[in-house]
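Counted from 1, the sequence shown has number 147 at position 147 by the UniProt record's numbering; the numbering is strictly sequential. Here the structure is laid out as structure tokens; the discussion comes afterwards.
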Amino acid sequence: MSTVGNSTNIFWHECPVGKADRQKLLNQQGCVVWITGLSGSGKSTLACSLGRELHSRGNLSYVLDGDNLRHGLNKNLGFSPEDRTENIRRVGEVSKLFADAGLICIASLISPYRKDRNACRALLPDANFVEVFLNMPLELCEARDPKGLYKLARAGKIKGFTGIDDPYEPPLNCEIEIQQKDGVCPTPNEMAGKVVSYLEGKGFLHAH
Ligand SMILES: Nc1ncnc2c1ncn2[C@@H]1O[C@H](COP(=O)(O)OS(=O)(=O)O)[C@@H](OP(=O)(O)O)[C@H]1O
Ligand SMILES: Nc1ncnc2c1ncn2[C@@H]1O[C@H](COP(=O)(O)OP(=O)(O)O)[C@@H](O)[C@H]1O
């Protein structure tokens with residue numbers, strides 16, 4: 001019996017079917033691919049491309065996209081520092097559950113604060129958290145501006161927009177960094193290929 005946070009007198013109930021059993025069934029290792037970067041850097045594009053590639057290889061994955069989760073699980077949260085932290089905390093916990101289910105969980109959120117991403121990492125065995133930094137220049141993201149949000153932020157109509165008047169803290173030790181090469185961004189397929197190669201190399205795409 002123990003106390004966790006505000007929960008008192010709680011127990012942990014162990015089930016007979018565990019992570020190892022599910023991984024065997026799925027023939028893969030559960031993990032979290034955490035994609036971070038500015039709005040417009042290509043997070044959702046990479047998440048979808050990676051999801052498609054894994055699906056075609058027979059691997060089960062699930063995409064947790066920041067924008068989409070704010071339509072449900074996180075719809076009571078805004079973009080204050082406290083709300084962003086709570087947003088990332090919740091998605092970190094959900095990602096942990098998906099990884100425990102044996103899936104390749106693909107989380108794509110701006111997740112601008114290093115300490116929040118590191119807290120998500122700390123929920124899992126370190127090797128099972130694969131941080132992917134979409135390191136695209138602000139100028140490129142702003143030029144893309146598919147939702148017109150940078151324009152609104154520059155006009156002062158959105159306050160606290162990441163990269164404009166709100167901080168983004170780049171990772172110091174991520175597993176994968178995706179950058180432009182000679183001023184050219186890799187294609188979505190190339191970006192996904194880089195992540196698949198990493199997962200393959202680490203043995204996540206097969207049962208051990
Ligand atoms: N103030 C502000 N700053 C940044 N982004 C904003 C803001 N207001 C709305 N949006 C839209 O919300 C999307 C980011 O949501 P996230 O949950 O990923 O953000 S965070 O991780 O909590 O910072 C983000 O989507 P992406 O472009 O997919 O990143 C924006 O469309
Ligand atoms: N690798 C890429 N090459 C060219 N365009 C891209 C690439 N990745 C994303 N885009 C485009 O950039 C815009 C922003 O991508 P998106 O995935 O929505 O970013 P985010 O989820 O980080 O906001 C979209 O219009 C998308 O088509």
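Where a beta carbon is used, it is the ideal one built from N, C-alpha and C, also for glycine.
Checklist entry - Which class does S95 belong to by DSSP, given the choice of helix, strand or coil? => result Taking the first residue of the sequence shown as position 1, residue 95 is located at position 95. Three-state DSSP puts S95 in a helix.
Checklist entry - According to the Cβ coordinates, are G66 and R144 closer than 8 Å? => result Looking up residue 66 in the sequence shown gives position 66. Looking up residue 144 in the sequence shown gives position 144. No, they are not a contact pair.
Item to check | Sequence-distant residues of the same chain with beta carbon closer than 8 Å to R121, five excluded per side | outcome: Residue 121 sits at position 121 when you count from the first residue of the sequence shown. Answer for R121: W34, F129 and E131, listed in chain order.
Item to check | N-terminal and C-terminal residue of the alpha helix (DSSP H) that V195 is part of | outcome: Taking the sequence shown and counting its residues from 1, one reaches residue 195 at position 195. Segment P188 to G201, the alpha helix (DSSP H) holding V195.
Item to check | D182 Cβ short of 7 Å to ligand 1 heavy atom set | outcome: Here residue 182 refers to the residue found at position 182 when the sequence shown is read from its first residue. No - ligand 1 has no heavy atom lying nearer than 7 Å to the Cβ of D182.
Item to check | Ranges of the beta strand (DSSP E) found wholly within the UniProt domain "APS kinase" (29 to 178), counting only runs of at least 3 | outcome: 31 to 36, 61 to 65, 104 to 108, 129 to 134 and 176 to 178
Next on the checklist: Could you compute how far the alpha carbon of C141 sits from the alpha carbon of D21?
Outcome noted: Indexing the sequence shown from 1 puts residue 141 at position 141. Indexing the sequence shown from 1 puts residue 21 at position 21. Those two C-alpha atoms are separated by around 42 Å.
Next on the checklist: Here's the rule: buried if 16 or more other CB atoms are within 10 angstroms of the residue's CB, otherwise exposed. What is N9?
Outcome noted: By one-based count along the sequence shown, residue 9 stands at place 9. Under this definition N9 is an exposed residue.
Item to check | N9 - containing beta strand (DSSP E), residue span | outcome: Position 9 of the sequence shown, counted from the first residue, corresponds to residue 9. First-last of the beta strand (DSSP E) with N9: S7 to I10.
Item to check | Top-ranked residue by Cα proximity to P146, from L38, S2, V17 and V4 | outcome: Here the question's residue 146 lines up with position 146 in the sequence shown. For P146, the nearest C-alpha among the options comes from L38.
Next on the checklist: For ligand 2, I want to know if C185 counts as a neighbour, meaning its beta carbon is within less than 7 Å of at least one of the ligand's heavy atoms.
Outcome noted: Along the sequence shown, read from residue 1 onward, the residue named residue 185 stands at position 185. Flag set: Cβ of C185 near ligand 2.
Item to check | Local Cβ density within 10 Å of K43, reported as buried at 16 or more and exposed below that | outcome: Residue 43 sits at position 43 when you count from the first residue of the sequence shown. Per the 10 Å Cβ criterion, buried.
Next on the checklist: Would you call the region 73 to 82 in contact with the region 188 to 204, where contact means no fewer than 3 C-beta pairs closer than 8 Å?
Outcome noted: no
Checklist entry - From this set, N189, L50, M136 and L172, which residue's C-alpha is nearest I178's C-alpha? => result Residue mapping note: residue 178 aligns to position 178 of the sequence shown, counting from 1. With distances taken between Cα atoms, I178 lies closest to M136.
Next on the checklist: Given this structure, state the Cα-to-Cα distance separating L123 from C174, to the nearest angstrom.
Outcome noted: The residue given as residue 123 occupies position 123 in the sequence shown. The residue given as residue 174 occupies position 174 in the sequence shown. The alpha-carbon atoms of L123 and C174 are separated by roughly 16 Å.
Checklist entry - If L64 sits next to V17, beta carbons under 8 Å apart, how far is it from one beta carbon to the other, in whole angstroms? => result Locating residue 64 in the sequence shown gives position 64, counting from the first residue. Locating residue 17 in the sequence shown gives position 17, counting from the first residue. About 23 Å separates the two Cβ atoms, so there is no contact after all.
Next on the checklist: For D116, tell me which candidate among E86, L134 and V184 has the shortest Cα-Cα distance.
Outcome noted: Working through the sequence shown from its first residue, we reach residue 116 at position 116. That would be E86, whose Cα lies nearest to the Cα of D116.
Next on the checklist: At a cut-off of 7 Å, would you count D67 as near ligand 1, judging by its Cβ distance to the nearest heavy atom?
Outcome noted: In the sequence shown, the residue the question calls residue 67 occupies position 67. At least one heavy atom of ligand 1 is nearer than 7 Å to the Cβ of D67, so yes.
Next on the checklist: Please report the distance separating the alpha-carbon of V158 from that of T36.
Outcome noted: Along the sequence shown, read from residue 1 onward, the residue named residue 158 stands at position 158. Along the sequence shown, read from residue 1 onward, the residue named residue 36 stands at position 36. Going by the sequence as given, residue 158 is Ile instead of Val. About 21 Å.
Next on the checklist: Looking at the strands, I want to know which residues DSSP matches up with V184.
Outcome noted: As a working mapping, residue 184 is identified with position 184 in the sequence shown. K181.
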